[in-house]
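S.K.: I have a structure I would like to understand better, so I am pasting it below and will then ask my questions one at a time.
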Amino acid sequence: MPAAKFPDAMKLDSCRVCRGKNLETFLVLGPQPLSNNFLKKEQLGGPEPFYPLDVCFCPACHMVQLTHVVPPEVMFSEYAYITSSSRTMPIHLAELAGDVTRRFGLDGKSLAVDIGSNDGSMVLGFQKLGVRGLGIEPASNVAAIARQRGVETVNDFWCERTARQVRKEKGPAGAILGTNVFAHCHDLDDFLRGVKHLLGPGGAFVIEVPYLVDLLQHTEFDTIYHEHLSYFAVGPLQALFRRFDMSLVDVKRDPIHGGSIRVFARPEPNLPPSEEVQRLLRLEKENRLDSIETYRRFARDVASIRDRLVPLLRDLKKQGKVISGYGAPAKGNTLLNYCKIGTDLLDFATDTTPFKQNHYTPGMHIPVHPDTRFKENPPDYSLLLAWNFAEEILKKEKAYMERGGKFIVPVPHPKIIP
Ligand code: TMP
Ligand code: ZN
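Under the working numbering, the very last position in the sequence shown is 412; numbers go up by exactly one each time.
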C-alpha cells in the first residue's frame, strides 16, 4: 500500500472527453507500482508507491481511460525510457518528420514543435530536413541528453502557459507533434488550448497514439500502465477536436507499438474528414467499441493470458530452465505485476537502456542487466517483454535461436518461438 510520503492519485470523477459521470470500470489490474520506477539495490527494502490501475468506459462518448491519475510530476520529472533504446523508434520518427514536412509544405522558415521530445530523435529528423525544430520535454535527465545532441529543448510540461512562452520567443508553429504523449496527459483541454495558441495559419497538429482497436484485438493489456491515462479510438478523438473548433482531417494506421494511429488535425472547424477517417469510424462500430460488453470480454481475455503464462513458466522452471526477460519495458512491469511473476519464475531481464541497467523492476524486483549479458550468458528461454519490437529483436537474435534458445511471446496468447 502507498506510504504516506508518496502523493495520492486522483480519482477521475468524470470523462476526460465529454465530462460524462457514469464511468463503468471493467478491468482491475492493480494496485501496481509505477512502471518506470526502476529501483536501485539500496531501495529494495524501502517503501514503494503502489496505485490503482483500473480501466473504465464512458457510455456517453465511448472513451476508455484509467480511473486514477497519478500526479505527472511523480512520473515524468525523471524518465527511464529513451527513444534511441531501440533502432526502430528513431527510424520511425525520422519517417514521421518526413511525412509531416511533405504534407504540410514545411521549409526553413517553419517551426516544428515536438511535445514529449525525449532524447530529441524526432527534432533531429526535422533539422536534417532543414526545418527549425524545438523539443518540449518535462524529464530533466532526457532533456539533458537531447541538448547534448544539439537539440534545443524546453524542459517543461506542455500546457497553455508553455505554448505562450514558445510563441513569444519563436513565433507560430507550422506543425506541433506528439508521439505517445497525448494519452499521458490528464488535462486535454489545457493541452489543446496550448496547441491552438501556438499553431500558425495552415498549421497542423499530429499525434500518434496506440489504437484501441489493436489493443482489444490483440489483448495488449500490458500497454495499460499509469502513464497511459487514455486509450484512444478515432470516434472520441473526433469529438474532442470538435469541442476545440478543430477538425480531424486524416488518420493512418501504423504497426508501431502493437498498432497505433497517426492522427492529423487542423485548427479550423468543419474541415471534411478523409476516406480513411470514415473507414476507421466504421471499423470501430463493427468492433463494438461502443459497448461495455466488448470491454468485459477483453477483461476475460486478459485473465486467460495470465492463466496460461504462469503455469508455462512454472513448468519450465521445474525443468531447471533459465528464463530471462528480453527488455525491461514499462509494459513488462504491468505484465509481471499483474501475473505476479517474480525471481522464482524469471531469473533476470536485460535491457539496452542505461537508466534501467543495474536496477530492479518495480514491484517484482527482477534484476535488470545490460543487454550484453544476453549474448554472454544466453538463457534457455526469454520472455519477450518488448514484444512491440519483435521484428527487430528476432532478427538480431537469430544466432540465439539457431543454438536452441527460445522466445516466449506473451500476447495475444503465450506462444513459444521457434
Ligand atoms: P518500450 O516498449 O516502452 O518502447 O520499451 C522497449 C524496451 O525494450 C526499452 O527499455 C529498450 C528495450 N529493448 C532492448 O533491451 N533490446 C532491444 O533490442 C530493443 C528493441 C528494445
Ligand atoms: Zn465521455
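All C-beta atoms, glycine included, are put in the ideal place defined by N, C-alpha and C. Computed from a predicted structure; not experimentally measured.
1) With DSSP as the reference, label P1 as helix, strand or coil.
2) Confirm, please, whether the CB-CB distance from E89 to N112 is below 8 Å.
3) Compute the beta-carbon to beta-carbon distance between G197 and P261, rounded to the nearest angstrom, for a pair I have assumed lies under 8 Å.
4) Alpha carbon to alpha carbon, how far is A380 from I335?
5) Got a sec? Which residues, its chain only, sit under 6 Å from H178 by beta carbon, not counting five neighbours each side?
6) Is E385 buried or exposed, if buried means 16 or more other CB atoms sit within 10 Å of its CB?
7) Closer than 6 Å between the C-beta and any heavy atom of ligand 2: which residues qualify, listed along the chain?
8) Do K246 and E280 have their CB atoms nearer than 8 Å?
9) Helix, strand or coil for I139, going by three-state DSSP, please let me know.
10) Check whether the Cβ atoms of T82 and F401 sit closer than 8 Å, and answer yes or no.
11) Under 6 Å Cβ to Cβ from R282, same chain only, skipping five residues before and after it: list those, please.
12) Determine the closest residue to W152 out of P408, C9 and I170, with distance taken between C-alpha atoms.
13) Return the bridge partner residues of A259 from the DSSP annotation.
14) Between the alpha carbons of E214 and G119, how many angstroms are there, rounded?
15) Could you give the DSSP three-state label for V414: helix, strand or coil?
16) If I measure Cβ to Cβ from N31 and keep anything under 6 Å in the same chain, skipping five residues before and after, which residues do I get?
17) On the CB-based measure, 16 or more other CB atoms within 10 Å of its CB, does L38 come out buried or exposed?
18) Please report the Cβ distance between Y332 and G253, rounded to the nearest whole angstrom; I am assuming they are in contact, meaning their Cβ atoms lie under 8 Å.
19) For the beta strand (DSSP E) containing I170, list its first residue and its last residue.
20) Quick one: any contact between the region 12 to 29 and the region 316 to 328, if contact means 3 or more CB pairs under 8 Å?
21) Between the beta-carbon of G319 and the beta-carbon of L377, is there less than 8 Å?
22) Judging by CA-CA distance, which residue of A133, A106 and M116 is the nearest neighbour of S157?
23) Can the beta-carbon of L310 be found closer than 8 Å to that of I299?
24) State the Cα-Cα distance for the pair R397 and E370, rounded to the nearest angstrom.
25) How about F20 and C52: are their beta carbons less than 8 Å apart?
26) With a threshold of 16 other CB atoms inside 10 Å of the CB of E202, please say whether the residue is buried or exposed.
27) Going by DSSP, what residue range makes up the alpha helix (DSSP H) through L234?
28) Considering only residues of the same chain and omitting the five flanking positions on each side of L128, which have a CB-CB separation below 6 Å?
29) Under the criterion of a Cβ to heavy atom distance below 7 Å, does P84 qualify as lining ligand 1?
30) Just confirm the distance between the C-beta atoms of L23 and L47, as a whole number of angstroms; I'd bet it's less than 8 Å.
31) I need the DSSP call for I299, collapsed to helix, strand or coil.
32) Can you tell me whether K350 is buried or exposed, with buried defined as 16 or more other CB within 10 angstroms of its CB?
33) Check this for me: beta carbons of I240 and A227, under 8 Å apart or not?
34) Can you tell me whether V470 is helix, strand or coil according to DSSP?
35) Identify whether T344 lies in helix, strand or coil by the three-state DSSP scheme.
36) Helix, strand or coil: how does DSSP classify T213 here?
M.R.: The short version:
1) In the sequence shown, residue 1 corresponds to position 7, counting from 1. The answer is coil: DSSP assigns P1 none of H, G, I, E or B.
2) If you number the sequence shown from 1, residue 112 lands on position 118. If you number the sequence shown from 1, residue 89 lands on position 95. No, the pair does not count as a contact, with Cβ atoms beyond the cut-off.
3) Position 203 of the sequence shown, counted from the start, is the residue given in the question as residue 197. Position 267 of the sequence shown, counted from the start, is the residue given in the question as residue 261. 6 Å between Cβ atoms; contact.
4) Locating residue 380 in the sequence shown gives position 386, counting from the first residue. Locating residue 335 in the sequence shown gives position 341, counting from the first residue. Their Cα atoms are separated by approximately 16 Å.
5) The residue given as residue 178 occupies position 184 in the sequence shown. Counting only Cβ-Cβ distances below 6 Å, and skipping sequence neighbours, we find E221.
6) The residue given as residue 385 occupies position 391 in the sequence shown. Looking at its Cβ environment, which holds fewer than 16 other Cβ atoms inside 10 Å, E385 is exposed.
7) C9, V11, C12, G14, C52, A54, C55 and M57
8) Position 252 of the sequence shown, counted from the start, is the residue given in the question as residue 246. Position 286 of the sequence shown, counted from the start, is the residue given in the question as residue 280. No, they are not a contact pair.
9) Reading the sequence shown from its first residue, position 145 is the one you call residue 139. In this structure, I139 counts as helix in the three-state DSSP scheme.
10) Start at 1 with the first residue of the sequence shown, and residue 82 comes out as number 88. Start at 1 with the first residue of the sequence shown, and residue 401 comes out as number 407. It is not a contact, given that the beta carbons lie outside the stated cut-off.
11) Translated into the one-based positions of the sequence shown, residue 282 becomes position 288. Cβ neighbours of R282 beyond the five flanking positions: T288.
12) Walking along the sequence shown from the start, residue 152 turns up at place 158. Checking every option, the nearest Cα to that of W152 belongs to I170.
13) As a first step, residue 259 is located in the sequence shown; it is residue number 265 there, counting from the start. Answer is F199 and L242.
14) Counting from 1 along the sequence shown, the entry for residue 214 is found at position 220. Counting from 1 along the sequence shown, the entry for residue 119 is found at position 125. Using only the alpha carbons, I get a separation of about 29 Å.
15) Outside the shown range of the chain, which is -5 to 412, sits residue 414, and nothing can be said about it.
16) Here the question's residue 31 lines up with position 37 in the sequence shown. Cβ neighbours of N31 beyond the five flanking positions: P356.
17) Your numbering for residue 38 matches position 44 in the sequence shown. Looking at its Cβ environment, which holds fewer than 16 other Cβ atoms inside 10 Å, L38 is exposed.
18) Stepping through the sequence shown from its first residue, residue 332 is reached at position 338. Stepping through the sequence shown from its first residue, residue 253 is reached at position 259. Not quite, the Cβ-Cβ distance comes to about 20 Å (not below 8 Å), so this is no contact.
19) Counted from its first residue, the sequence shown places residue 170 at position 176. Taken as a continuous stretch (DSSP letters only), the beta strand (DSSP E) holding I170 covers A167 to T173.
20) Yes, the region 12 to 29 is in contact with the region 316 to 328.
21) Position 325 of the sequence shown, counted from the start, is the residue given in the question as residue 319. Position 383 of the sequence shown, counted from the start, is the residue given in the question as residue 377. Yes, they are a contact pair.
22) As a first step, residue 157 is located in the sequence shown; it is residue number 163 there, counting from the start. It should be noted that the sequence gives Ala, not Ser, for residue 157. Checking every option, the nearest Cα to that of A157 belongs to A106.
23) Looking up residue 310 in the sequence shown gives position 316. Looking up residue 299 in the sequence shown gives position 305. Remark: C-beta atoms of L310 and I299 do not approach each other more closely than 8 Å.
24) Indexing the sequence shown from 1 puts residue 397 at position 403. Indexing the sequence shown from 1 puts residue 370 at position 376. Looking at the two C-alpha atoms, the distance is approximately 13 Å.
25) Along the sequence shown, one-based indexing puts residue 20 at 26. Along the sequence shown, one-based indexing puts residue 52 at 58. It is not a contact, given that the beta carbons lie outside the stated cut-off.
26) Within the sequence shown, residue 202 is the residue found at index 208, counting from 1. Buried, because 16 or more other Cβ atoms sit within 10 Å of the Cβ of E202.
27) To locate residue 234, count along the sequence shown from 1; it is residue 240. L234 -> alpha helix (DSSP H) spans V228 to R237.
28) For this step, residue 128 is matched to residue 134 along the sequence shown. Correct list, in chain order: V107 and E146.
29) For the purposes of this step, residue 84 is taken as the residue at position 90 of the sequence shown. False, no ligand heavy atom lies under 7 Å from that Cβ.
30) Here the question's residue 23 lines up with position 29 in the sequence shown. Here the question's residue 47 lines up with position 53 in the sequence shown. The C-beta distance from L23 to L47 rounds to 4 Å, short enough to fall under 8 Å.
31) Working through the sequence shown from its first residue, we reach residue 299 at position 305. The answer is helix: DSSP assigns I299 an H, G or I state.
32) Taking the sequence shown and counting its residues from 1, one reaches residue 350 at position 356. By the 10 Å Cβ count, K350 comes out buried.
33) Looking up residue 240 in the sequence shown gives position 246. Looking up residue 227 in the sequence shown gives position 233. It should be noted that the sequence gives Met, not Ile, for residue 240. In this structure, A227 does not lie closer than 8 Å to M240 by Cβ.
34) Nothing can be reported for residue 470: it is not among the residues displayed for the chain, which extend from -5 to 412.
35) If you number the sequence shown from 1, residue 344 lands on position 350. DSSP places T344 in strand when its eight states are reduced to three.
36) Taking the sequence shown and counting its residues from 1, the one referred to as residue 213 is at position 219. Three-state result, T213: coil.
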